[in-house]
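Below: the structure, in structure tokens.
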Amino acid sequence: MQEFEVFLNKLDDQDVRFKIEEVLQWISDKYPGMGKTVKWNQPMFTDHGTFIIAFSVAKKHVSVAPETAAIKHCQQEIKEAGHSYTDNVIRITWNEPMDYELLEKLIDFNIEDKKDHDKFWR
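Quick note: the sequence shown uses UniProt numbering, first residue 1, plus one each step.
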């Protein structure tokens, strides 16, 4: 998790930092082979050099960015969970519990869908 330390240390709100750190650790533990980096001030995970998922922090929510294809694939689950979303991001407010089941579906979809992909973005 040292790849994310500089990013995490910039977070002033300790509750936000704890939640983000918890998510990043969960992904690191569940998917130990994924690459970890920070680009565009977003902690992100990669698989064989291709983008899988990233996070950005806002005042009222965390933005989960798994790319449009993954959002479309999980659109029904996102709607049922009541999360606000666009084509590119899912917003989970700080007062909601992190939706680990949804994160797992998004990550698993991207890993499988991009297994033969050789570029960073789709």
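Ideal placement from N, C-alpha and C gives every residue a C-beta, glycine not left out.
Neighbourhood of residue i by C-beta, 8 Å cutoff - its chain only, sequence neighbours within 5 removed
i, result
"residue 41", "7 and 56"
"residue 12", "none"
Whole-angstrom C-beta distance between residue j and residue i, which should lie under 8 Å
i, j, result
"residue 27", "residue 64", "No, residue 27 and residue 64 are not in contact; Cβ-Cβ is about 11 Å, not under 8 Å."
"residue 80", "residue 122", "Not a contact, Cβ separation roughly 25 Å."
CB of residue i within 8 Å of CB of residue j, strictly
i, j, result
"residue 107", "residue 99", "no"
"residue 71", "residue 110", "no"
"residue 120", "residue 49", "yes"
"residue 69", "residue 116", "no"
"residue 25", "residue 1", "yes"
Same chain only: Cβ atoms within 6 Å of residue i, ignoring 5 sequence neighbours per side
i, result
"residue 35", "46"
"residue 38", "7"
Sequence-distant residues of its chain with Cβ nearer than 7 Å to residue i (five each side left out)
i, result
"residue 60", "93 and 94"
"residue 16", "57 and 94"
Pairing CB atoms from the segment 2-22 with CB atoms from the segment 71-91, are three or more of them under 8 Å? Not touching, per the Cβ criterion.
Length at least 4, wholly inside the segment 76-121: the alpha helix (DSSP H) runs in chain order: Correct list: 100-113.
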